Amino acid sequence: MEGFSERHFSIDAGMGEKMDGCPYSLYEDGHDVEDYIIPPKGFVFIGFKHFPTPDNQVYDGRLVAQYEREPFKERLVSVLHYLVWVFTIAVIIGIITVLTIGVFKPQKPQNREAAPQNKTPLPYTDTVAFVDTLPYPIPDTTEDIQDSIPSPETEEKHEEIKETPQTIVTDDNELFKTEFWALIHQREMAMDAYDNLYKKHKGKVSGKEFDYLRFTILQDTQSFVEWYRKLRKIPRTELESIENIKTLKDKIKEIQ
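In the working numbering, the protein residues as written are 50 to 305.
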């Protein structure tokens, strides 16, 4: 790689913060780790200032992040963006509250009309008490009673249909692809997240996504920093629509 040198520089975020997984820099201007710096609120990152450390046997120098105050227009936009989010969340909570109250609101009991009484009294027999408890319309004759009661064979068929279990099929490759593309679409910036995904599915899955994770994303720290720098330049909506390795590679190659 042009301009590459075997030198190591420690990173100091100054008044800002460093993201998890921030590596050391290989360059005196620190351009390979700029994406890991989080500026303080109201400021923007403008670069690093190099401080030599001749007595340090590990690093060739220390890079301290430099900032300048964010322009008033951009600060105003940030505040408005925050207020829009607060308003949206408040509206969602209000809608959920209203729906919850509507679901659990006690309902008034419905007035049931009294069933008309049979003007012609039935003769008192032991069968009458049994007929009154049946969940079927009261037939006029004993033969109608036998026809209206479902047969045991019909009941067994209904029970078999209800008790048929549903089988859920899981696939390691599909699970890995889902977790892999979730990291890509979320623009995950921590190299450890990709390393953990690789270790979790190592020896269990294979395919283009797994090879791309192993030989491209996790090739080495410098390669990961360069790869992520290009990945974050892909518009979010366009990145979320990418679901295959070929398209992802083509988009990465287009970015300088």
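Note that beta-carbon positions come from the ideal geometry of N, C-alpha and C, so glycine has one too.
It should be emphasised that the depicted structure is a prediction, and the values quoted were computed from it without experimental measurement.
Cβ-Cβ distance between residue i and residue j below 7 Å
i: Val-274; j: Asp-78; result: no
i: Arg-111; j: Phe-121; result: no
i: Asp-104; j: His-57; result: no
i: Asp-221; j: Val-254; result: yes
i: Ile-283; j: Lys-302; result: no
Spatial distance of residue i from residue j (CA atoms)
i: Ser-197; j: Leu-224; result: Only weak support exists for where Ser-197 lies, its pLDDT of 49 falling under 50; the coordinates are left without a value.
i: Arg-278; j: Asp-84; result: 7 Å
i: Ala-231; j: Leu-129; result: 29 Å
i: Lys-248; j: Ile-291; result: 24 Å
i: Leu-246; j: Val-152; result: 41 Å
i: Tyr-76; j: Val-147; result: 57 Å
Contacting residues, own chain, Cβ-Cβ under 7 Å from residue i (five flanking each side not counted)
i: Lys-257; result: Ile-294
i: Ile-138; result: none
i: Ser-74; result: Phe-58, Ile-60, Asp-81, Val-82 and Leu-112
Contacts around residue i, its chain only, beta-carbon distance under 6 Å, and the 5 residues preceding and following it disregarded
i: Met-240; result: Gly-70 and Phe-273
i: Val-218; result: Here the model assigns Val-218 a pLDDT of 39, short of 50, so the residue's position is not dependable, and the following value carries that caveat. Result list for Val-218: empty, nothing under 6 Å.
i: Pro-72; result: Thr-270
CA nearest to the CA of residue i, picked from the options
i: Gln-115; options: Pro-88, Ile-144, Pro-103 and Ile-145; result: Pro-88
i: Trp-276; options: Gln-305, Leu-132, Ser-255 and Glu-287; result: Gln-305
i: Arg-285; options: Val-113, Lys-298 and Gln-235; result: Gln-235
i: Tyr-131; options: Ile-233, Met-238, Lys-90 and Phe-259; result: Lys-90
i: Ala-62; options: Lys-253, His-250, Glu-55 and Phe-97; result: Phe-97
i: Met-238; options: Glu-55, Ser-59, Ile-145 and Ile-86; result: Ile-86
Short CB-CB distance (under 7 Å) between residue i and chain E
i: Val-126; result: Here chain E cannot be found, since the structure has a single protein chain.
Rounded distance between the beta-carbons of residue j and residue i, thought under 8 Å
i: Phe-94; j: Glu-119; result: No, Phe-94 and Glu-119 are not in contact; Cβ-Cβ is about 10 Å, not under 8 Å.
Beta-carbon proximity list for residue i, same chain, < 8 Å, skipping 5 on both sides
i: Ile-142; result: none
i: Ile-233; result: Leu-280, Leu-288, Ile-291 and Leu-297
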